[in-house]
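Heads up: the sequence shown begins at 21 in the working numbering, then just goes up one per residue. Notes to accompany the following structure.
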Amino acid sequence: MRRILGGIILAKINVSKLGIKKPIEIKLTIKNQDKADEMLIKLLQLSVNADVQSEKKDLKPAEVIAQLEQERTFTKEAFGFLKDVLKLTDKQIEDAKDELDFNELGQFLNYLIGRIKGQSEEQLAESLKEEEKDPKKD
């Protein structure tokens, strides 16, 4: 759901996957859209790098370490993004870390970024259904 307050569009974000019962309203500002774009770029870079690594037969220890470091950095940045955009407390972030696995974090980020970019709950649910019907082909 979206509403307008003083000329600024607000969107209700379902944060139940983070262990928070009540939805959180966020402003759909250029600043938040820019933050969402930055996070989406990082998410896509991580995905591309993971795909490249999974295609390799023999990973060197240094490559494994580099990938783990990239995942840890991404996770820290992702929770920083959630804290900033959703105005979460340190406790809420810690609770979310206890609730989510790595894939769920990625799914929630995709959902949140979609909402910030103006997609409705229905549009996101529909695109998720389409993705499940026709997964990416390699």
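Ideal Cβ placement from N, Cα and C applies to all residues, glycine included.
Tell me the rounded alpha-carbon separation between residue i and residue j.
i, j, result
"LEU108", "VAL72", "34 Å"
"GLU89", "LYS80", "14 Å"
"GLY100", "ILE61", "15 Å"
"GLN112", "LEU125", "14 Å"
"LYS55", "GLY138", "14 Å"
"ILE136", "ASN52", "7 Å"
"GLU150", "TYR131", "15 Å"
"THR95", "PHE122", "8 Å"
"ILE50", "GLY134", "14 Å"
Is it buried or exposed for residue i, if we count other Cβ within 10 angstroms and need 16 for buried?
i, result
"ILE29", "exposed"
"VAL105", "buried"
"ALA31", "buried"
"VAL35", "buried"
Helix, strand or coil for residue i per DSSP?
i, result
"LYS47", "strand"
"LYS37", "helix"
"SER140", "coil"
"ASP121", "coil"
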